[in-house]
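Take 1013 as the starting number for the sequence shown in the numbering used here and just add one per residue.
Cβ atoms here follow ideal geometry from the backbone N, Cα and C, with glycine treated the same way.
Right, one structure below, let's go through it.
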Amino acid sequence: MAKEKFITGLDIGTSNVKILTVKQNLKEERLELVSKIEETSEGVRRGTVVNVEKLSNLFKDLFSRKSQNLRRRINSIYVNLNGSHLFSVPSRGLISVSRADQKISEEDIQRVLQAARAINLPSNKEIFDVFPKEFIVDGEKGIKDPLGLQGVRLEVEVLALGGFSPYLENIKQAVLNSNLEILDMMPSSIAASRAVLTERQKELGVALLDIGAGITSLAVFEEGNLIYLAVLPMGSSNITNDIAIGLKTDIDIAERIKIEYGSCFLKGKDVKRRINIGEDEPLVFSQKFLTKITSDRVSEIFEEANKKLKSISKEKLLPAGIVLTGGGAKLPRIVVLAKNKFHLPVRLGRPKGISGMEEDLGLATVCGLVLMGADLEGKEKGFEFGRKTVSKIKKMFKIFIP
Ligand SMILES: Nc1ncnc2c1ncn2[C@@H]1O[C@H](COP(=O)(O)OP(=O)(O)OP(=O)(O)O)[C@@H](O)[C@H]1O
Ligand SMILES: [Mg+2]
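Rendered as structure tokens:
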């Protein structure tokens, strides 16, 4: 009989917590949706966990409900990291090869990656992961996998990812306090990239922009490697706030208006919208005005993202362009606006790999967490699940996880 395994991802978002469980059929290498929960977040501000207790109470409630429904305890999960405190910095490591026969071992690779983590940072910041770009053996560059090669001197170039330690600790505590085991943690945009980008796009050069409620996460890939990661402290909730102010209405109505009528371009003539808001008088506004509020804020997000691309000399220079995902990318005609702002090809990144998930851009991160989990667990069983992961090594989180 085929062996089955359950894999669960937890995406802690500013507006929603998403929990996705899939069944991995180890014989057929197939992922089947088992359950999906979305619930309003608590204790999260702009992607950062600010109230550990509130969030862990929510997790306890959601996971006990989930376990009851599935008649199976779910307690090992893959979790996202987010917040504008996350940063990326290029770094290098250098070691002497340890074995007498000068064959590079797994231990040498771990040591050189560890050496690349040694970056001077303020005491409250820490590196939680490193992504190798290339290894260099006795000056020979461009090596992807140095295991078994002969050499004296092993170097590595990496992109190191870090964050503000108290905030990293908050995420970890919120999850662990609800009696859940963390199998791995990764920044949302990296997880999302697993679900929406192809290997070819990553090889050519591509930027993923995950527009959430409170933040917008950017991950840039080239030659198959992660080369940059940044998180902007603005997202789709800023549009809602602007609508509330612009139309002088409360936030829940503004959110409704954004979802129903929000757009990045006006198609045809202006029209008057009239909506019932439970008061005597309906709210009347012009579509043109609403579109302007929406597109101004989305343009600002794109301009900030473009500044980040400029800082790494990739502005207008990514052949596979920009891929938009996250709930905020559901706005009609956002692709047209993005093309104008980035001067690059732009497309929507729909989560692939788990049936039934393609339609919802907001599920990209949680789908990616589950897919990366399947990759890692598949690898442990001796095969690679689906396509390759972004040169991610599970062991790297050892330091971060107790
Ligand atoms: N149809 C829609 N049109 C426009 N915006 C939408 C639509 N559906 C959802 N959104 C917006 O998407 C946002 C939620 O997206 P998502 O679930 O990706 O965010 P999150 O993960 O909770 O937050 P973050 O990633 O910022 O921490 C909300 O601000 C919501 O208003
Ligand atoms: Mg999100």
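Query	Result
Rounded to whole angstroms, what is the Cα-Cα separation between V1124 and G1160?	15 angstroms
Would you call the stretch 1098-1112 and the stretch 1230-1248 in contact, with 3 or more CB pairs under 8 angstroms?	yes
Buried or exposed: where does D1420 fall if 16 or more other Cβ atoms within 10 Å of its Cβ makes it buried?	With the chain running from 1013 to 1414 in the structure shown, residue 1420 is simply not present.
I'd like to know whether the C-beta atoms of M1197 and V1091 end up nearer to each other than 8 angstroms.	yes
Quick check on the DSSP output: what are the complete beta strand (DSSP E) runs of length 3 or more inside the stretch 1164-1241, in order along the chain?	1165-1176, 1193-1199, 1218-1223 and 1228-1234
Which residue comes first and which comes last in the alpha helix (DSSP H) that contains R1309?	Q1299 to S1323
Using only the alpha-carbon positions, how far apart do L1106 and D1141 sit?	17 angstroms
Hey, would you say I1155 sits closer than 8 angstroms to F1147, going by beta carbons?	yes
Exposed or buried, what is I1116 when buried is set at 16 or more other beta-carbons lying within 10 Å of its beta-carbon?	buried
Three or more beta-carbon pairs under 8 angstroms between the stretch 1174-1187 and the stretch 1065-1073, yes or no?	yes
Using only the heavy atoms of ligand 2, determine whether one of them is closer than 7 angstroms to the beta carbon of D1023.	yes
By how many angstroms is the C-alpha of K1364 removed from the C-alpha of A1203?	12 angstroms
Three-state secondary structure (DSSP) at T1261?	coil
Kindly indicate which three-state DSSP category L985 falls into: helix, strand or coil?	Residue 985 lies beyond the stretch modelled for the chain, which goes from 1013 to 1414, so this question has no answer here.
Is there at least one non-hydrogen atom of ligand 2 closer than 7 angstroms to the beta-carbon of D1222?	yes
Looking at E1267 and ligand 1, is the gap between the Cβ and the nearest heavy atom below 7 angstroms?	yes
Quick check on I1271: buried or exposed, where buried means 16 or more other Cβ atoms within 10 Å of its Cβ?	exposed
Using a threshold of 7 angstroms, is the CB atom of K1304 nearer than that to any non-hydrogen atom of ligand 1?	no
Distance, Cα to Cα, V1208 vs P1344?	19 angstroms
Check whether the stretch 1369-1377 and the stretch 1023-1034 are in contact - that is, three or more C-beta pairs closer than 8 angstroms.	yes
Pop quiz: I1227 and N1094 are said to be a contact at Cβ under 8 angstroms. What is the actual Cβ separation, rounded to whole angstroms?	6 angstroms
Report yes if the C-beta distance between G1163 and V1218 is below 8 angstroms; otherwise report no.	no
Rounded to whole angstroms, what's the CA-CA distance from L1244 to L1166? Just pull it up for me.	35 angstroms
Is the beta carbon of T1303 sitting closer than 8 angstroms to the one on L1278?	yes
Just to confirm, is the Cβ distance from C1276 to L1349 under 8 angstroms?	yes
In whole angstroms, what separates the C-alpha of N1352 from that of F1018?	43 angstroms
E1181: which of K1137, E1293, T1377 and N1037 sits nearest, CA to CA?	K1137
Around the C-beta of Q1080, are 16 or more other C-beta atoms found within 10 angstroms, so that it is buried, or is it exposed?	exposed
Between the Cα of L1074 and the Cα atoms of L1022, K1284 and E1119, which residue gives the shortest distance?	L1022
With respect to 7 angstroms, is the separation between the Cβ of S1200 and the closest non-hydrogen atom of ligand 2 below this value?	yes
In three-state DSSP terms, what is E1065?	helix
How many angstroms separate the CA atom of P1357 from the CA atom of K1319?	17 angstroms
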